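What follows is one structure encoded as structure tokens, with my remarks underneath.
Residue numbers (the UniProt record's numbering): 1 to 87.
Put into structure tokens, the structure is as follows:
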């Protein structure tokens, strides 16, 4: 799965929690979940749980703390998927 596919999937995952639909339409790697998309911290946990379920991965607390923007989240998902491929 390439970055564009991951970005599209991530956009679908965050859509129900996004309070700024205009920002969602222009989502990019620099998009901040809290500042740009207006996702509150409780819903950010829901996003992370949905990401884990969608990609069948586990995200630890350190990774969760890094998942504040789209680019970092895509990188974490990519790394997790690559690690799964190696097993």
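No residue lacks a Cβ here, since even glycine has one placed at the ideal position from N, Cα and C.
For clarity, every value in this text was computed on a predicted model and none was experimentally measured.
Figure out for me which residue from the options has the closest Cα to the Cα of residue i.
| i | options | result |
| --- | --- | --- |
| residue 70 | 1, 2, 14 | 14 |
| residue 5 | 75, 86, 83, 84 | 75 |
| residue 24 | 63, 41, 37 | 37 |
| residue 66 | 17, 53, 84, 44 | 44 |
With H, G and I counted as helix, E and B as strand and the rest as coil, what does DSSP make of residue i?
| i | result |
| --- | --- |
| residue 85 | helix |
| residue 43 | helix |
| residue 32 | strand |
One question on the structure: do residue i and residue j come within less than 8 Å of each other, judged by their Cβ atoms?
| i | j | result |
| --- | --- | --- |
| residue 39 | residue 18 | yes |
Buried or exposed: residue i, going by 16 or more other Cβ atoms within 10 Å of its Cβ?
| i | result |
| --- | --- |
| residue 31 | buried |
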